[in-house]
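Structure record follows, encoded as structure tokens.
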Amino acid sequence: MISGDPGHPALSFVNTVIDDGKTRLHNSFAGGADLVEGLGAAGLVPRGSALPGTAQMTALIGLREAAYAVLSAMAAGRRPGREEALTLETAIKSTLQDCGFTFRAGALDLMPGPLGGVHDHVALGLFDLLRRDDLQRLRECKRCTHLFLDHGRGQGRRWCSMARCGNKVKAATFRARQRTSL
1 MISGDPGHPA
11 LSFVNTVIDD
21 GKTRLHNSFA
31 GGADLVEGLG
41 AAGLVPRGSA
51 LPGTAQMTAL
61 IGLREAAYAV
71 LSAMAAGRRP
81 GREEALTLET
91 AIKSTLQDCG
101 FTFRAGALDL
111 MPGPLGGVHD
121 HVALGLFDLL
131 RRDDLQRLRE
141 CKRCTHLFLD
151 HGRGQGRRWC
161 SMARCGNKVK
171 AATFRARQRT
181 SL
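Residue numbers (the UniProt record's numbering): 1 to 182.
Printed below as a string of structure tokens:
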């Protein structure tokens with residue numbers, strides 16, 4: 001469901017699409033169970049979390065697309081759209097309002113309130129991502145819409161992963177060169 005390590009669990013959620021290009025038309029999960037399993041593997045939600053219902057799935061997809069729009073704009077150095085930014089802000093504020101706080105040496109942990117589910121874990125993950133010091137390293141794949149934090153030496157990474165997009169781009173470039181040389 002979730003390919004590669006984008007550098008933060010919240011980006012694994014934003015990247016739950018299968019698109020060959022820039023469409024974002026198809027989810028990479030079959031349903032709530034598949035989504036929760038993938039997000040659990042990414043460390044965004046506790047394994048065995050309650051499955052989201054139909055309305056929650058709709059809300060999660062809306063949050064995912066709002067987060068993508070905001071983060072994609074940030075990666076490109078643009079100002080995010082007002083509606084998407086407001087959707088993301090509202091989700092985070094609503095979750096923070098009901099959050100539990102755990103104080104430990106040198107840190108504060110935020111946990112969703114007693115009624116918080118997958119949506120609240122995702123909102124807290126997005127909040128954590130947006131507060132990172134290395135957010136200036138956020139990039140969008142040149143081939144698809146997956147986002148990632150570029151921690152490479154030269155920070156010139158262009159693809160979400162070599163296996164998913166890099167090899168396809170390189171193969172297409174090679175084929176194009178072969179056609180023009182014939």
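Glycine is no exception: its CB is placed at the ideal position from the N, C-alpha and C atoms. Small disclaimer: the values here were computed from a predicted structure and weren't measured.
At least three beta-carbon pairs within less than 8 Å, the stretch 28–44 to the stretch 3–16 = yes
Coil, strand or helix - Val-45 by DSSP | coil
Considering Ala-123, what are the terminal residues of the alpha helix (DSSP H) in which it resides?
-> 118–130
Considering Thr-95, what are the terminal residues of the alpha helix (DSSP H) in which it resides?
-> 82–97
Can you give the Cα-Cα distance for residue 188 and Met-74, rounded to whole angstroms?
-> Any property of residue 188 remains undetermined from this structure, which presents the chain solely from 1 to 182.
Using beta-carbon positions only, say whether Arg-132 and Lys-142 come within less than 7 Å of one another.
-> no
Sequence-distant residues of its chain with Cβ nearer than 6 Å to His-146 (five each side left out) = Asn-15, Cys-160
Per-residue burial, Arg-153 [other beta carbons within 10 Å of its own, 16 or more giving buried] = exposed
Based on Cα-Cα distance, which residue from Leu-149, Pro-112, Asn-27, Lys-22 lies nearest to Thr-58?
-> Asn-27
Taking the alpha carbon of Gln-97 as the point to measure from, which residue in Phe-127, Glu-65, Pro-80, Gly-40 has its own alpha carbon closest?
-> Phe-127
Phe-101 to Arg-137, Cα distance in whole Å?
-> 29 Å
From which residue to which residue does the beta strand (DSSP E) around Thr-102 run?
-> 100–104
The alpha helix (DSSP H) enclosing Leu-60, as first and last residue numbers | 54–75
Taking the C-alpha atoms as reference points, what is the distance between Pro-112 and His-119?
-> 9 Å
Buried versus exposed call for Phe-148 [16 or more other C-beta atoms within 10 Å across all chains shown] | buried
Taking just the CA atoms, how far does His-151 sit from Gly-117?
-> 31 Å
Cβ-based burial, Thr-87 [other Cβ within 10 Å; buried from 16] | buried
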